[in-house]
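Single-structure report; data block below.
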Amino acid sequence: MVIIRFPGVYRPQHDSRLLLESLGDEQVHAGTRILDLCAGTGVVSVWATRYGARSVTAVDVSRRALVSTWLNTAVRGHRVRVVRGDLVSRVRHRRFDLIVANPPYVPAEHDGLPARGRARCWDAGHEGRALLDRICGDAPDLLDDGGRLVLVQSTLSGTEKTRLMLGERGLHVEEARRVRVPFGPVLQARRDLLVDRGLIGPQQCTEELVVFRAVK
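Okay, so the sequence shown: first residue is 338 according to our numbering, each after it adds one.
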């Protein structure tokens, strides 16, 4: 798949591919209302429109990401609604059948989130959960009965907490996919930090990615 990506927009990687693989199990039709959270280049929106969804909303905090999403769907003859906003803040009034999220989840040195630059694509606070916790808390309210949340993250950012939070919100949670992948440049650069926090062993050079599927 050829994807247009502007500088500073998250490049589709292992987590993107694992998420798309999981989405292949989902039932999507023309009437399926889809929310693509942390849209990036819009690979999820492209997938959704390719499978016939006509109501796709892509949300990202980055203008460049939203332009990338719009272009990547438009060149394929499809339209999506792009919304610049902080996660669900600008779509709280709507309801969806499927919410898909690939948020930043890499543990960082500090809790503060970057306002700009490439690090905004992956930094997620001290525990890597600055956005994950908000999605787990807010997304269930945006799902219609029977709606699904499909979310990808690393085990370095606390998969059990994700499972517990979604379960506490009344969703039925299952692990749809799990894969081990080598560290990319970001985690390679943070090896000492991750070792010091006890998140990885001294010789570890891989992480596990997990896709959760939660049904309301």
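Glycine residues also receive a C-beta, built at the ideal position from the N, C-alpha and C atoms.
The residues 550, in chain order, have a CB closer than 6 Å to that of residue 511 in the same chain once the five nearest residues on each side in sequence are set aside.
Between residue 381 and residue 437, the C-beta spacing is below 8 Å.
Residue pairing by DSSP places residue 433 opposite 480 in a beta bridge.
When DSSP states are grouped into helix, strand and coil, residue 472 belongs to the helix group. In this structure, the alpha-carbon of residue 529 lies about 21 Å from that of residue 451.
For residue 358, the secondary structure class from DSSP, reduced to helix, strand or coil, is helix.
Residue environment analysis places residue 543 among the exposed positions, since fewer than 16 neighbouring C-beta atoms fall within 10 angstroms of its C-beta.
The beta carbon of residue 507 sits closer than 8 Å to the beta carbons of 477, 553 from its chain, once the five residues preceding and following it are set aside; these are given in chain order.
For residue 531, the CB contacts under 6 Å within the same chain, skipping 5 residues up- and downstream, are 537 in chain order. Under the rule that a run must span 3 or more residues, the beta strand (DSSP E) segments found entirely inside the region 370-416 read 370-374, 392-397.
In this structure, residue 468 lies away from residue 403, with their beta-carbon atoms at least 8 Å apart. The C-beta distance from residue 371 to residue 392 rounds to 7 Å, short enough to fall under 8 Å. Annotation for residue 500: no beta strand (DSSP E) segment contains it, though the alpha helix (DSSP H) segment containing it runs 496-505.
Residue 491 carries a strand assignment under DSSP once its states are collapsed to helix, strand and coil.
With fewer than 16 other CB atoms across the displayed protein chains lying within 10 angstroms of its CB, residue 482 is exposed.
Burial check for residue 427: the Cβ neighbour count within 10 Å stays below 16, so the residue is exposed.
C-alpha of residue 485 to C-alpha of residue 520: approximately 29 Å in a straight line. Judged by DSSP secondary structure, residue 531 falls outside any beta strand (DSSP E) and instead within the alpha helix (DSSP H) spanning 528-533.
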